[in-house]
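Asker: In the numbering used here, the protein residues as written are 1 to 366. Below you'll find the structure I mean.
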């Protein structure tokens, strides 16, 4: 079995921070050129979005809108299937906008993140073979036209380089939680919440604590993965371990003994400074990203993203106007070339009258 570094995910889709910033600046410049080529609309002039503003919009759609769509009632799939689809769609979404700008015009139209998000969910559902999650279900869940979702699919696949090999941190998280459950040494059982049924046994409490810890770890791994580019900078194992470590001192993590478990299995992971194991430095960096993502003011982030999305829609109008003008110009140039070719074609030579009787003879002799 190939290690992560040998997979296409590890080779093609894992970046150093500087390389990722350079890639985003280049794609943003292309998108800004599409917008600047279009006419200014009535009202206040609207400038193209900066790379940082595009990233802020991406974070909002990946961490807020994507979970809502995957959890929608119209998306009929099991809880685990929804979770896998969400994780895979999140990976695809950040990949698309590493290679493309939200302001670009492609074959299926503009790369509106609201539409691209649904298309990424559709592609992820196909990879997971969740046939019940189709364009009609996503249209009902998101209010985005299925025609738009399907029209953008070729552009999304092109942005992904038709490479759907992607690993999410969920599998690695489940491995860590399974090892924690088997370890079990020195773990204090979770106390029942005030007002909870007294009949809850220790095993039930423990199962609930594991479920809450797992949900928190998945949320942190995907949230930090989208907000801090973790899905493009770290391996799924590093992200999973970072989320697990970041939850070590939560009530459920403390009750289940996550910190002692990690200290036994990976000494130095939770240590900063001189005694730290430098091989675990990427995981500690991802843990800091996860902690920072956990402290984000989501309401303020959503309000800013709404204003940015309004600007993006105006940018789309300008980019589409420029694209339509360019298409009309190309069509006119093509028509002119065809007309010039017809006019330049020599007229057919006159038939010599003397050859007419000969032609009749030849036809009659056949």
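Glycine included, every Cβ here is placed at the ideal spot set by N, Cα and C. Note that the coordinates shown come from a computational prediction; the quantities given were computed from them, not determined experimentally.
1. For the segment 146-160 and the segment 213-224, state whether three or more C-beta atom pairs, one from each stretch, are separated by less than 8 Å.
2. Between the Cα of residue 258 and those of 31, 176 and 7, spot the shortest distance and give me the residue it belongs to.
3. Could you name the residues that DSSP lists as bridge partners for residue 105?
4. Taking all protein chains shown into account, decide if residue 19 is buried (16 or more other Cβ within 10 angstroms of its Cβ) or exposed.
5. If distances are taken between C-alpha atoms only, which option among 174, 120 and 172 comes closest to residue 150?
6. Tell me, please, whether the segment 44-63 touches the segment 87-102 by the rule of three or more beta-carbon pairs shorter than 8 Å.
7. Along the chain, where does the alpha helix (DSSP H) that runs through residue 241 open and close?
8. For residue 171, which option in 238, 183, 283 and 224 has the closest C-alpha, if you only look at C-alpha atoms?
9. Considering only the alpha carbon of each residue, which of 38, 93, 30 and 139 lies closest to residue 74?
10. Counting only the same chain and skipping the five closest in sequence on each side, list residues whose C-beta sits under 6 Å from that of residue 220.
11. Out of curiosity, what's the CA-to-CA distance linking residue 248 and residue 21?
12. Between the Cα of residue 5 and those of 46, 205, 236 and 144, spot the shortest distance and give me the residue it belongs to.
13. Kindly indicate which residue of 339, 344, 36 and 328 has the alpha-carbon position closest to the one of residue 104.
14. Alpha carbon to alpha carbon, how far is residue 155 from residue 107? Give it in angstroms, no decimals.
15. Return the CA-CA distance between residue 320 and residue 143, expressed in angstroms with no decimal places.
16. Distance check for residue 180 and residue 264, CA to CA, integer angstroms please.
17. Whole angstroms is fine: what's the gap from residue 374's alpha carbon to residue 41's?
18. Let me know if residue 186 comes out buried or exposed under the rule of 16 or more other beta-carbons within 10 Å of its beta-carbon.
19. Closest by CA to residue 68, which one among 183, 26, 132 and 86?
20. Hey, how far is the Cα of residue 102 from the Cα of residue 168?
21. Going by C-alpha distance, which of 283, 255 and 26 is nearest residue 202?
22. Please look up how many angstroms separate the CB atoms of residue 240 and residue 173, rounded, as I've assumed it's under 8 Å.
23. DSSP state of residue 6, grouped into three classes?
24. Leaving out five residues on either side along the sequence, give the residues of the same chain with a beta carbon under 8 Å from the beta carbon of residue 3.
25. When you compare only the Cα positions, how much space is there between residue 329 and residue 338?
26. Return helix, strand or coil for residue 40, following the three-state DSSP convention.
27. With 16 other CB atoms within 10 Å as the buried threshold, where does residue 163 fall?
28. Please state the DSSP three-state secondary structure of residue 13.
Answerer: Short version:
1. no
2. 176
3. 110
4. exposed
5. 120
6. yes
7. 236-246
8. 238
9. 139
10. 243, 246 and 290
11. 31 Å
12. 236
13. 36
14. 7 Å
15. 22 Å
16. 11 Å
17. The structure shown does not extend to residue 374, since the chain spans only 1 to 366, so no value can be given for it.
18. Because the pLDDT of residue 186 is 41, which lies under 50, any placement of that residue in the model is unreliable, and the number read from its coordinates should be weighed accordingly. Classification for residue 186: exposed.
19. 86
20. 24 Å
21. 255
22. 4 Å
23. helix
24. 10
25. 14 Å
26. coil
27. exposed
28. coil
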